[in-house]
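Heads up, the sequence shown is in the numbering used here, so the first residue is 26 and it goes up one at a time. Idealized CB from N, CA, C, for every residue including glycine. Just so we're clear, the structure is a prediction, and the values are computed from it rather than from any experiment. Structure, as structure tokens:
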Amino acid sequence: MIKIILNHRAIRYLISGGSAAVINLTMLFILVHFFYMWYLLASVVAFIVAVAVSFMMQKFFTFNDYTKEKIRQQSLVYLGIQILNLGVNALLLYISVDMLHIHYLISQFFVLGLVAVYSFFVFKYLVFSPDSIHNENS
26 MIKIILNHRA
36 IRYLISGGSA
46 AVINLTMLFI
56 LVHFFYMWYL
66 LASVVAFIVA
76 VAVSFMMQKF
86 FTFNDYTKEK
96 IRQQSLVYLG
106 IQILNLGVNA
116 LLLYISVDML
126 HIHYLISQFF
136 VLGLVAVYSF
146 FVFKYLVFSP
156 DSIHNENS
């Protein structure tokens with residue numbers, strides 16, 4: 026049963042993204058509550074750690090891309106997308122916390138979900154697509 030479930034890319038993406046989200050939220054909580062870091066700065070630090078974990082899980086687990094030839098190119102494109110995602114994340118977090126007065130953890134949960142949905146398609150078709158990975162001429 027587990028093997029059947031894990032054969033679906035969307036489920037593997039949810040597992041990878043869920044793991045990164047748990048890391049992100051846990052680090053955010055720890056940095057804010059135990060280290061008294063400002064929630065936006067803590068969000069950036071947590072996001073960076075989650076991105077590192079996410080890249081490895083997305084490449085190898087979600088998209089079954091075991092190639093090493095383009096890992097540098099993929100990681101740079103992935104990082105660029107994640108930097109854009111970081112900006113979107115910080116902006117939406119700021120709006121929801123400071124303007125809408127929603128608790129930062131609840132806000133972060135929903136913002137991560139939104140970013141995850143559009144990121145799946147970007148990663149699938151731009152970063153880890155078989156054409157971008159295995160095309161010898163590119």
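Straight-line spacing of the CA atoms in residue 38 and residue 76 works out to 14 Å. In this model, residue 141 and residue 70 are separated by some 18 Å (Cα to Cα).
Per DSSP, residue 49 is one residue of the alpha helix (DSSP H) stretching across 34-58.
In this structure, residue 72 and residue 114 form a Cβ contact; the two beta carbons are roughly 6 Å apart against a cut-off of 8 Å.
Collapsing the DSSP output to three states places residue 123 in a helix. Looking from the CA of residue 138, the closest CA among 100, 151, 118, 28 belongs to 118. Under the 8 Å Cβ criterion, the region 45-53 counts as touching the region 124-138, having at least three qualifying pairs. By the Cβ-count criterion, residue 91 is exposed, with fewer than 16 other Cβ atoms from all chains shown falling within 10 Å of its own Cβ.
Taking C-alpha positions only, residue 122 is separated from residue 65 by approximately 10 Å. 8 Å or more divides the Cβ of residue 93 from the Cβ of residue 153.
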